[in-house]
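Numbering (mature numbering (1 follows the signal peptide of the UniProt record, and there is no 0)) for the sequence shown: -46 to -1, 1 to 143.
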Amino acid sequence: MTPLSWREREPRRQRGAEVVQGRTRPVCISRFLSTAFCLLISLAHAAAPSTAPQTLPPAQEQRAVAIQKNLRCPLCDTGESVAESRSDISIKMRESVREQIADGRSDSEIYTFFSQRYGNFVLLDPPKTGRNLLLWGGPLLALAGGGAALWAFLRRRGTENAAAETAHDNEPYDAYLDQVRRDTGGGGA
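So, in structure tokens, the structure goes:
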């Protein structure tokens, strides 16, 4: 008996193919797909942006921190500043502040950039113009109005006490009534 060749021993197996669950699949395509997948993943990893924050000189870093403390996190309900918040958007906002400072923008330009993007809500110290002027001036107006009302009340009360004293002066002197007034704190009638 002559030995069988490899083609005779495995009739289903063809050149460049492998048998998987009774079906033949070309080997070169599966290897190509797995290689392409690995290459795609490695390229995606290489193209991913680095998360290392941009380093600034100490003076610019202090300026960046001061600006970050004046910006509110748009997602935080507690009104946290961007410098204190740990949300993803706050991290991106901190990076944006550093980039803008490195580009040479002024503080007002940076605040304008964020207020145009997120509205005046993002500013912890909103501008004192327009509707915000009412919010800033309202408490001062209320305080001034309350002071004026208190002054008017005390002035009117002072004139009533003066009128009561003059009424007491017109009465004949009564020692007993004078003693009662001293004991009761000046009330009378």
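We put the CB at the ideal spot given by N, CA and C, even for glycine.
For this session: For P12, decide whether its Cβ has a neighbour in chain C, counting only Cβ atoms nearer than 8 Å.
Result: The question asks about chain C, but that chain is absent: this structure has only one protein chain.
Exercise. Going along the chain, which residues of its own chain have a beta-carbon closer than 6 Å to the beta-carbon of M47, five neighbours each way excluded?
Worked result: V36
For this session: Name, in chain order, the residues that DSSP records as bridge partners for S35.
Result: R26
Problem set entry | Touch test, the stretch 17 to 30 against the stretch 74 to 85, Cβ-Cβ under 8 Å, three pairs minimum | yes
Exercise. Is L95 helix, strand or coil when you go by DSSP?
Worked result: helix
Problem set entry | Where L10 falls: helix, strand or coil (DSSP) | coil
Problem set entry | Spatial distance of L87 from A56 (CA atoms) | 33 Å
Problem set entry | Rounded straight-line distance, which links the Cα of G139 to that of W105 | 23 Å
Problem set entry | Residue from Q14, D31 and D42 whose Cα sits closest to the Cα of G58 | Q14
Exercise. Comparing alpha-carbon positions, which option in T113, A(-11), V51 and C30 lies nearest A20?
Worked result: V51
Problem set entry | Beta bridge counterpart(s) of L77 as assigned by DSSP | L25
Exercise. Quick one, are the C-beta atoms of Q54 and I45 less than 8 Å apart?
Worked result: no
For this session: Go ahead and pull the three-state DSSP assignment for E46.
Result: In the sequence as presented, Glu is not what sits at residue 46; that position holds Lys. Three-state DSSP puts K46 in a helix.
Exercise. Between which two residues does the alpha helix (DSSP H) harbouring S41 extend?
Worked result: Element bounds for S41: n/a, residue is neither H nor E.
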